[in-house]
Amino acid sequence: MKDIQSIIAQMTLEEKAALSIGASAWSTTPIERLGVPEMIVSDGPHGVRRVPDVHAMALGSLPATCFPTASCTASTWDVDLIHKMGEALGEECIALNVDVLLGPGANMKRSPLGGRNFEYFSEDPYLAGEMAAHFINGVQSKGVGTSLKHYAANNQEFQRFSISAEVDERALREIYLSAFEKAVKQAQPWTVMCSYNKLNGTFASEHHQLLTEILKDEWGFEGLVVSDWGAVRNRVAALKGGLDWEMPGPQERRVKEVVEAVRSGQLDEAILNESVRRILRIVFKARETPKTGNFDVDAHHELAHHIAAEGMVLLKNNGLLPLKGQHHIAVIGRAAENAHFQGGGSSHINPTRVAVPFKELQAQAANAELTYAEGYPTDNSFRQEMIDQAVTLSKSADVAVLYIALPTFKESEGYDRTDLDLTDQQVALIKAVAKVQPNTVVVLNNGAPVAMSAWIDDVAAVLEGWMMGQAGGIAIADVLFGKVNPCGKLAETFPQKLSDTPSHINWPGEAGKVHYGEGLFIGYRYYDAKEIPVLFPFGHGLSYTTFEYSNAKVSTQSFKDTDGLTVSVDVTNTGKIAGKEIVQVYVHDQKSTLVRPQKELKGFAKVALQPGETKTVSIQLDFRAFAFYHPEYKQWITEDGDFDILIAASAADIRQSMTVTLQSTLSLPCVLDVESTVREWLADPRGKAVFGPYYAQMEAEARKMFGGDEERYGNEGAIGMDIMEMFNDMPLFSVLMFQAASLPAHPEEIVSGMLQQVHNMP
Ligand code: BGC
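Everything in the sequence shown is counted per our numbering, starting at -8 for the first residue and increasing by one.
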């Protein structure tokens, strides 16, 4: 590694400013005289979009493997597999002369309407964090960097360049930052990309708390923070906030602005030096891996095929699948001929080759005859004659397989969806075909949930094929014919209808703000709390075999939070063919001072089983599996008490449960203050010790004052209410104000005296 400090010491102010801003759409500014090379970055995340001319944003990217997008990879729940995908991406970066791949995306799927949900993993931060961390470790194991994006609270496309995400601190920590935190701590991405939006009124690109205090200081992020492309409004404010590298370039005016800000004293040069240090560190690190050679196109296509097969989710099956013995298969839907395997926008890859779903089906269909009808047009027009043609074909067939892709005019980076629906034509097509053909299978290609209530009951089976990558067409055929036993499970809930979704009444915001009114309760956390039935729950996915869970154990019944514990369960394949099961562990806190979701995913494992085979699955639960973020303490805390450990096949299918008792090792500072309520005083051990002895006296005084006469009224006083129900939720100070005349001192003195005593206690 170069002596970075000595290079910085030799750099002119102009050179430092220039280094802090891109030289082109995709590269850093080289400084030849000091031997500082350029560094090249490219999109990401599920393929390498290497534009040969670094001054062009999008034209003519080089062929690269288009792997399945994040909705599909997350549905594999397979951390080793996503690590392998990362390794392959790293190899392609080396061959295509890319130093840093711009991905993965770890944003939460707050609403299924998010146009870019296909690029994100999950509605659950634990799962998204695991996937992101293993992706990063895979890529970086090859000596190529990543860019964890879009940090933070970029959960919609509507006004994404300007809108302010209004998120409370706890939801931010537990939901929106948590996957980023996990990925940073477990994998140290070389770069983190800030998002376009504002967070609680401040642009993410200038957000000191986000970029410096949390990311760098608290989580220990060592890399550089890069802006999303065009996300910087005020370069000097962004540097002060902790944004090291602005993209894209070149921007001569901006460079001058930085120089002038230092000269005028508006910007401390030490801040610029720190950004320069971080950039140089990554630039030189990138240089350690020579960018030469080729990548193995065939092997990567095969890997993309394997990932797609593992990520597809069999949502419904009445027993028709896997197909066998059919003589005539009607293949309906233009996605059978024109594979819909990736999303629109910056992640759009120029694939090395594309598996055509129809051909792949044909290749595996043995002696069956396949016929094809397009079924729906490329645009949003309604074409009855296409439906009629499909119906005629389907009627005479043994089975109809419909390939239905959500069109890009409905789903892409850059705009959100306005509904959860397929096009009118697609819905009418499915219904018309299902009416004449009971053996109808729907294969979906989309990046996020679609509504199905209009047709789900009419069809025999539904396979969620996602944006399945360039080889996904083979994977669909594999699953339909049973060459692969499906094992993917949903990384997000499929709601019944849009109005059921957590953010519905706060989406997509107005007047420049979007309020995250549902707080912690996104995804299954919300449906659990509201007892809203869903179409398919988080974690759901069918198999051609069956699994039984038994013999659940915990390593200890009672444990310290710092020790954590191990959960184990035996899983048996009780069917006739080999299969894989994804075991999920959720934790439920029986009692807590702050509201908590009914259950939260805290561990998972995927296990492969031959028919009749049993394996024991073990999952570790650590401090964070039981903790929540307490905004008053400004830290993650645990509380003594009982927790249920739920071992499940999906969020709605809990197979085994156990209760354990946690002992918190934290000694928390006292947060009682003058606004603390009577109940809060009593709930705090130190508060209770100081104030508890006076409670009965205070109550008696209150009841007397409000005409409480147990014999006459019971607890009801003269004004027809139980005054203590109200007083207990008032600040102690306010209650005492009612009794001021009978007190030995003014309530202010009394409360501050008690606070003093509390704060002096050990
Ligand atoms: C996207 C990023 C992408 C960048 C460069 C932006 O518009 O939000 O995800 O990496 O462009 O293409």
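Even for Gly, the Cβ is constructed at its ideal location relative to N, Cα and C.
Notebook entry, point to check: Who are the near neighbours of V183 in its chain, counting only those whose CB is closer than 6 Å to its CB and skipping five residues on each side?
Noted result: L139, Y142, V216
| By Cβ distance below 6 Å, which residues in the same chain neighbour G508 in space, the five residues on each side in sequence not counted? | N497
Exercise for the section: To the nearest angstrom, report how far apart N264 and L258 are at their CA atoms. Expected result: 11 Å
Check your understanding: Is the beta carbon of V433 sitting closer than 9 Å to the one on I395?
Key -> yes
- Euclidean distance between Cα positions of Y117 and Q487: 24 Å
Leaving out five residues before and five after D613 in sequence, what residues of the same chain have Cβ atoms less than 8 Å from its Cβ? G555
**OP:** Provide the residue(s) that pair with K307 in DSSP beta bridges, ordered along the chain.
**Re:** V453
Quickly, what does DSSP pair H621 with across the bridge? List them, please. Q626
- Query: When burial is assigned at 16 or more other CB atoms within 10 Å of the CB, is E279 buried or exposed?
  - Reply: exposed
Ordered along the chain, which non-local residues of its own chain (more than five positions away) have a Cβ less than 6 Å from that of G460? C57, F58, P59, A295, A299, F332
Inter-stretch contact at 8 Å, needing at least 3 Cβ pairs: the region 207 to 226 / the region 179 to 197:
yes
Quick one: is the Cβ of S337 within less than 8 Å of any heavy atom of the ligand BGC?
yes
Identified DSSP bridge partners for Y111
G96
Open item on the list: Just verifying my parser: in three-state terms, what is the DSSP assignment at K426?
Closed with: helix
Practice prompt. Report back the beta-carbon spacing between L454 and V470 to the nearest angstrom; my notes put them in contact at under 8 Å.
Written response: 6 Å
Does the beta-carbon of S196, which I'm using as the reference point, lie nearer than 8 Å to any heavy atom of the ligand GTP? Inclusion of the ligand GTP in the displayed structure is not the case, the ligand content consisting of the ligand BGC alone.
task: Mind reading off the beta-carbon distance from N476 to I568? Whole number of angstroms is fine, and I expect it under 8 Å.
output: 6 Å
Q | First and last residue of the uninterrupted beta strand (DSSP E) at V545 | A | 538 to 545
field: Any beta strand (DSSP E) of 3 or more consecutive residues that is wholly inside the region 185 to 223
entry: 215 to 217
**Prompt:** Taking Cβ to Cβ, would you say S11 is nearer than 9 Å to D235?
**Reply:** yes
- [ ] Go ahead and label A0 buried or exposed: buried means 16 or more other beta carbons lie within 10 angstroms of its beta carbon, across all protein chains shown.
- [x] exposed
Cβ contact check for the region 412 to 419 and the region 37 to 52: 3 or more pairs under 8 Å = no
request  = Have a look at the DSSP bridge pairing and note the partners of Y394.
outcome  = V434
Problem - E376 to D389 span [Cα, whole Å] - result: 22 Å
Does the ligand BGC have a heavy atom nearer than 8 Å to the CB of H297? no
To the nearest whole angstrom, what separates the beta carbons of S66 and V45, a pair I think is in contact under 8 Å? About 35 Å separates the two Cβ atoms, so there is no contact after all.
Check your understanding: According to DSSP, is Y142 helix, strand or coil?
Key -> strand
Q | C-alpha distance - V662 paired with R677, whole-angstrom precision | A | 10 Å
- Task: Decide if V223 is buried, meaning its Cβ has at least 16 other Cβ atoms within 10 Å, or exposed.
- Result: buried
Self-check item: Endpoints, alpha helix (DSSP H) assigned at T67
Solution: 61 to 67
Secondary structure at E172, three-state DSSP: helix, strand or coil? helix
message: With a threshold of 8 Å, are at least 3 pairs of Cβ atoms found where one atom belongs to the region 666 to 681 and the other to the region 712 to 732?
response: yes
**Prompt:** Buried or exposed: where does A468 fall if 16 or more other Cβ atoms within 10 Å of its Cβ makes it buried?
**Reply:** buried
*asked:* Taking DSSP's pairing of strands, which residues face K488 in a bridge?
replied: In DSSP, K488 forms no bridge with anything.
Exercise. Hey, would you say P722 sits closer than 9 Å to V665, going by beta carbons?
Worked result: yes
Report yes if the C-beta of D44 is less than 8 Å from at least one heavy atom of the ligand BGC; otherwise report no. no
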